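Data first, discussion second: the structure below is written as structure tokens.
Protein chains: 2
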Amino acid sequence: MLEKVGFVGQEKERNQESNVLWTADEFTERLKDVGRSYYHDKHPFHVKMHQGTLSREQIRGWVANRYYYQKCVPIKDAAILSNLPSMELRRQWIGRIIDHDGTNGEDGGIEAWLRLGEAVGLSREEVLSEEHVVPGVRFAVDAYVNFARTKPWIEAVASSLTELFSPDLISKRIKILERHYTWIDKSGLDYFQSRLTQAPKDSDTAMRLVLTYCQTPEAQQRAVAALRFKCDVLWAQLDATEKAFIPKA
Amino acid sequence: MLEKVGFVGQEKERNQESNVLWTADEFTERLKDVGRSYYHDKHPFHVKMHQGTLSREQIRGWVANRYYYQKCVPIKDAAILSNLPSMELRRQWIGRIIDHDGTNGEDGGIEAWLRLGEAVGLSREEVLSEEHVVPGVRFAVDAYVNFARTKPWIEAVASSLTELFSPDLISKRIKILERHYTWIDKSGLDYFQSRLTQAPKDSDTAMRLVLTYCQTPEAQQRAVAALRFKCDVLWAQLDATEKAFIPKA
């Protein structure tokens, strides 16, 4: 086997039981296993962030690049919405788009991310212009949008299940940013606060759909693969951000 | 020129001025011209409906077939939403999806159409099963969804402008149905009542976008062509419905 540098969890065996239908609990554990092995909380860039050792420039680079992901999330969710086969399912999904886009009365996640940008010293225009977004981030995010547009909707739903893992990471991150990056204006952290309540609601919905609609071994394995794909999307963004903003030792 | 039977407005010359940028008023008139010539209020099936001469079977055939269009409208709008390039634009568009899908607290247009089905004597299951939907209707509606998914978003927005013409048709239709089709339970007409206020709001938004974003002769002409395409989508549905439910004299 060709050893690749910087990939966690490579030692983990891929599940080879191709004809076993997992129970709901087993299936849930397989999905959580993906997070345990591949979620981007373990990426060196996040590890450094949480050790408090990133410079202002590096934090800014991360915020500016992650903006491209944030702005594409509602596009991805609208693509899923357009692939959902019933109004009942769409009613369960549409709130995600509003969470990110906001309404004319109430700002959403994209606006909150722009305020985070200002809190770390990036102008609104600078973030909106995407001038700091590196190609690797763009390619990874675009791959995610494309996945949502073109794959069966239940796989796209499964790919959203990284939200199972995000509240832990985000609640740690809020404390870390407040403690180690005191130069960041605290009002900029609203985005993360909102996600602490939105993400569990979203992952509950997605989990229920995945457990309900993936009723064959193949469907279950495709859901696991979709979640793994999404972890790769997040991981690749940090790889590209790290490469651009952290000089090699 | 090959004469085609049953196409209204064939005598009308296609606009040949390929390099003229229309003023906003001229552009608006060109768009309205499309409706004057090609909107489905002039289709023989609608003419018969408004003369009060359709049978119960024929009304039922229309309602059951038109359901397929209704159920695809939010899918089409989610496709447009996913192609819109900013949260500001998405905020203006997302309400259409909620109008049709409803929320868990309030029913939307699809539910209202199902109630219309019941009011004309079709069971909910019968409509939902799509057993009466004829291939020509399905193909036309699918072409519309595909247009929204794949064309530049502003053309998809322009294609929605048949809503400029629908309030006139719908307000006439409500009176006609009440007067000539007294066997239809009036509570079934809620769908049309709702559209009387929703459609003008929607067409105002779409018109503003089209006038703002179509700033070249080519863009204006593509908008006109998109609206013509949409008229064809509506017309073809009635052709297929007529063929299936009205015996040839």
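Residue numbers (the UniProt record's numbering), protein chains in the order written: chain B, 1 to 249; chain W, 1 to 249.
Think of the CB as a built atom: it goes at the ideal place given N, C-alpha and C, for glycine as much as any other residue.
Note that the structure is predicted; figures quoted are calculated from it, not measured.
Item, Value
"To the nearest angstrom, how far is the alpha carbon of W/G108 from that of W/D101?", "5 Å"
"Rounding to the nearest angstrom, what Cα-Cα distance links B/R151 and W/K186 in this structure?", "Inspection of the sequence shows that residue 151 of chain B is occupied by Lys rather than by Arg. In a straight line, the C-alpha of B/K151 is about 43 Å away from that of W/K186."
"To the nearest angstrom, report how far apart W/N65 and W/A240 are at their CA atoms.", "9 Å"
"Restricting to Cα atoms, I'd like to know which of W/F245, W/V145, W/T197 is closest to W/K230.", "W/V145"
"Taking C-beta pairs closer than 9 Å, name the residues in chain A that B/I75 reaches, listed in chain order.", "Considering every chain present, this structure includes no chain A. Its protein chains are B and W."
"Assuming B/L196 contacts B/I170 under a Cβ cut-off of 8 Å, what Cβ separation, rounded to an integer in Å, is found between them?", "6 Å"
"Going by the beta-carbon positions, is the gap between W/V20 and W/L227 smaller than 8 Å?", "no"
"Less than 8 Å separating the beta-carbons of W/L164 and W/V210?", "no"
"Check distances from the C-beta atoms of the segment 91-120 of chain W to those of chain B and list, in chain order, the residues that come in under 8 Å.", "R91, I94, I97, I98, H100, D101, G102, T103, N104, G108, I110, E111"
"Among W/K175, W/K248, W/Q193, W/S159, which has the Cα closest to the Cα of W/S203?", "W/S159"
"Could you give the DSSP three-state label for W/N19: helix, strand or coil?", "coil"
"Got a sec, what are the start and stop residues for the alpha helix (DSSP H) B/N146 sits in?", "135-150"
"Does the segment 46-65 of chain B come within contact of the segment 114-121 of chain B, defined as at least 3 CB pairs closer than 8 Å?", "yes"
"What does the alpha-carbon distance come out to for the pair B/Y181 and W/S129?", "58 Å"
"Closer than 9 Å, Cβ to any Cβ of chain B: which residues of the segment 232-247 of chain W, in chain order?", "none"
"B/L177 and B/H43: beta carbons closer than 8 Å?", "no"
"So, W/C214 versus W/A225, is the Cβ gap smaller than 8 Å?", "no"
"Near W/T205, which residues of its chain fall below 7 Å by C-beta distance, leaving aside the five closest residues on each side in sequence?", "Q92"
"For W/A148, collect the residues of the same chain with a Cβ closer than 6 Å to its Cβ; drop the 5 residues on either side in sequence, then sort them by chain order.", "K76, A79, I80, A156"
"Do B/A140 and B/A236 have their C-beta atoms closer together than 8 Å?", "yes"
"Measure the alpha-carbon distance for B/S86 versus B/A219 and round it to whole angstroms.", "20 Å"
"Any C-beta of chain W within less than 9 Å: which residues of the segment 145-174 of chain B qualify?", "V145, A148, R149"
"I want to see whether chain W comes within less than 8 Å of B/A78, judged by CB atoms only; does it?", "yes"
"Assuming the contact rule is C-beta atoms closer than 8 Å, B/D99 and B/Q198 should be a hit. Round their C-beta distance to whole Å, please.", "5 Å"
"So which of B/K172, B/L122, B/T212 has the shortest CA-CA distance to B/K184?", "What sits at residue 184 of chain B in the sequence shown is Ile, not Lys. Minimum Cα distance to B/I184 is reached at B/L122."
"Should B/V233 be labelled buried (16 or more other beta-carbon atoms within 10 Å of its own) or exposed?", "buried"
"For the alpha helix (DSSP H) that contains W/V210, what are its first and last residues?", "190-213"
"Between the C-alpha atoms of W/H40 and W/L84, what's the straight-line distance to the nearest angstrom?", "28 Å"
"In the DSSP assignment, the alpha helix (DSSP H) including B/E111 goes from what residue to what residue?", "109-119"
"How many angstroms separate the CA atom of B/D168 from the CA atom of B/K48?", "17 Å"
"Using DSSP with H/G/I as helix, E/B as strand and the rest coil, what is B/A244?", "helix"
"Output yes or no for whether 8 Å exceeds the beta carbon distance between B/V73 and B/A244.", "no"
"Could you have a look at B/G95 and say whether DSSP puts it in helix, strand or coil?", "helix"
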